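In the numbering used here, the protein residues as written are 509 to 1245. I have placed the structure first, in the form of structure tokens, so that the comments after it can refer back to it.
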């Protein structure tokens, strides 16, 4: 219990689970004399309340349970009929087990519900083959889940935390304040405001947001809300580095007007996200003003002085970030009812107007390959469950589903984590089996005793297990299942031995497949995925700059390779956060690499849509050299990211050395090119490359810091995080889709 605050989260969950499981079990068994219905009622509650870990408040979990009811009915029906033969049950386990596990790519709620749904297929796919009991199975499970839904909604409800929309609204207010500050002398932000920007960006990181509030799902609103957070962080970053006007000169009137409109747009967007406003007039005005400034720049006699060109390019970057922020926020609030304004980059917001089934399919299709950690996890668990089902069928294991339950609950994403979990689980199960055997031997067939002590044992099991670890959980659950089955049929103390044997078999199966199928979990995949992402970023930088230099315009570039690399890197990073790892020196700043990918995508599309005419030999060579420097640093970071460092920071001899960033000064700021006059497109591309230089510096910062305490953690530089750290944003469909 938390002092002064009532039951802890684990205790509240245990109370709800015990009330629903025991209540449904007793009504069906003793009230209706339906032991089959009682079994399925109890295990439906246990699977979805104890084995599953659906994030959120009781109301949010209840909503997820309501949506999963049709899936529960389908799984129970499939398991019942596929139990006719061992091979059909195994084949079903391969296909259905993979499908359920793979749906975790859809976000935290789907991932949290997956283990419980697996159990609800496992339970009926064992003998006896009894399709005539399907009605009792469905009725019992439905009854138990209805009780659980009501309990989640009304019993010991938890208050909802700060939503992601509220966090984004707060960031909008900060951006509006910054815009006003930058419109007054000395036209720069003080150190306190820069620190405020860093803290605001940190608050929007997925790892700092409650899991239930992270916008990680494949639906339109979740995707838009993820882009809203990215837009807010980008806007804050652009405002912080906005160069002031030349000393002694007042800011240009048009630039001031643009900055003031950015501030009003940010404030309006914050009100929209907070639910206190519905207007979008300022965002529309900013879109028009941005285009007017660009058209005026195009009509202006070319070339223009560097000081003016760089300031105007930076202001347009700020305006573009504010427009993207406002557009994403409107999509997040209004969903499919929010039309894309004219001139909006349809590639950036490709999901606007799409229906949920298509977006779900798009997310899953993006991860349908061996480089996705979601695909790897699904293959690992489905093969392990199928092997356990084969052993249970061939060897006719009594209560063989316990072996599969052990596989399901003990298999982890890394073999080292699985081994450690199995050791604790076997120790706990052994102690629990010894205690259960003693109770069964003493009590014998007096079922009333088991009925009286079951709620107490279940309450302790589901309270202590999540707090004290898997050993306690397995030991107490051994007591629970022993007392449940003692009420369903006459048993002896040997039931505890059967439970121990099944857990040992299931544990060994889990260890074997943890060793055979991607034993390092997301660690190796994360290094590979981020290395590929950085290499794709370098290619995009070079290709975009070459197009700008040559004056080639492209309103619909094919950047699917970069988007897919970004999607896989984000999903690998999300899984890596839940795996145990020793701190090592020399790991890159993962989050900075991903935010760089988004900046490359957004900036590339913006520049390509307005490229032309060609920049000429002098400015073209200058810009190409700058892009080569940035791309070289990205490839150097990619080479480092591909190497998995040891605990002492050792790396392969082929890894790139890390020195001062190419094209940067000693302080890591973008190097200033000599005073030049050039077309506006030159300065727009220059501003983009400057921002990417700062991004790459954040990627490389841990290499230089060599801090063993934090090098493999999330970045400590304040870099903005990726859109979707728990449900990665997939690339847009091909043009033919």
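Built from N, CA and C at the ideal position, the CB exists for glycine as well. None of the values given here were measured: they were computed from a predicted structure.
Give the single residue among the options whose Cα lies nearest to the Cα of residue i.
i	options	result
residue 555	756, 818 and 656	656
residue 838	900, 806, 730 and 805	730
residue 834	890, 683 and 689	683
residue 631	674, 690 and 548	548
residue 690	822, 1102, 668 and 722	822
residue 677	969, 813, 708 and 663	708
residue 675	534, 745, 539 and 723	723
residue 1188	867, 976, 648 and 820	820
residue 951	1001, 924 and 934	1001
residue 918	623, 595 and 761	623
residue 803	762, 1004 and 1041	762
residue 526	966, 877 and 798	966
residue 753	733, 696 and 721	696
residue 860	718, 841 and 1070	841
residue 538	583, 960 and 1195	960
residue 673	692, 650 and 733	733
residue 775	973, 1003 and 831	831
residue 1024	640, 920 and 711	920
residue 805	1197, 1191 and 1207	1191
residue 625	644, 981 and 585	585
residue 1198	1136, 1144, 923 and 1210	1136
Would you call the CB atoms of residue i and residue j closer than 8 Å?
i	j	result
residue 944	residue 986	yes
residue 614	residue 531	no
residue 739	residue 827	no
residue 1022	residue 898	no
residue 998	residue 946	no
residue 900	residue 911	yes
residue 559	residue 642	no
residue 1046	residue 1142	yes
residue 956	residue 994	no
residue 557	residue 593	no
residue 1115	residue 1052	yes
residue 964	residue 992	no
residue 1048	residue 1108	yes
residue 1100	residue 1203	yes
residue 978	residue 936	yes
Take residue i and list the residues in its own chain whose beta-carbon comes closer than 6 Å to its own, dropping the five residues that flank it on each side.
i	result
residue 528	553, 655, 656 and 659
residue 1128	1057
residue 519	971
residue 1180	The predicted position of residue 1180 is uncertain, since its pLDDT is 45 and thus under 50; no value can be drawn from it.
residue 521	none
residue 1105	1041, 1045 and 1074
residue 825	746 and 1195
residue 879	1076
residue 718	669
Return the first residue and the last residue of the alpha helix (DSSP H) that residue i is part of.
i	result
residue 883	881-902
residue 912	909-918
residue 732	728-748
residue 1013	1002-1024
residue 828	814-842
residue 926	923-951
residue 516	Residue 516 -> no alpha helix (DSSP H), and no H or E assigned at all.
residue 1136	1125-1149
residue 999	Run containing residue 999: none; DSSP gives neither H nor E here.
Who are the near neighbours of residue i in its chain, counting only those whose CB is closer than 7 Å to its CB and skipping five residues on each side?
i	result
residue 1163	With a pLDDT of only 40 at residue 1163, under the threshold of 50, the placement of this residue in the model should not be trusted, and no figure is reported.
residue 581	646
residue 886	606, 609 and 610
residue 512	Only weak support is given to the placement of residue 512: the predicted model assigns it a pLDDT of 36, under 50, and the value that follows is read from those uncertain coordinates. The answer is none, since no qualifying residue turns up.
residue 881	1030, 1033, 1079, 1080 and 1083
residue 843	728 and 729
residue 772	790
residue 668	565
residue 906	1006
residue 1063	1117
Can you list, in chain order, the residues of its chain whose CB lies under 8 Å from that of residue i, leaving out five sequence neighbours each side?
i	result
residue 1167	Annotation note: pLDDT 43 at residue 1167 (below 50); position unreliable, coordinate value reported separately. Cβ within range, chain order: n/a, list empty.
residue 781	673, 674, 676, 677, 680, 736, 837, 840 and 841
residue 851	795 and 799
So that I know if they touch, is there some Cβ in chain B lying closer than 8 Å to that of residue i?
i	result
residue 1014	In summary, chain B is missing from the structure at hand, where a single protein chain is found.
Counting Cβ pairs closer than 8 Å, one from the stretch 1056-1071 and one from the stretch 1118-1134, do we hit at least three?
yes
With three or more beta-carbon pairs closer than 8 Å as the criterion, would you say the stretch 565-574 touches the stretch 598-609?
no
Determine contact between the stretch 757-777 and the stretch 855-875, defined as no fewer than three beta-carbon pairs at a distance below 8 Å.
no
So, does the stretch 905-922 touch the stretch 1009-1026, judging by three or more C-beta pairs under 8 Å?
yes
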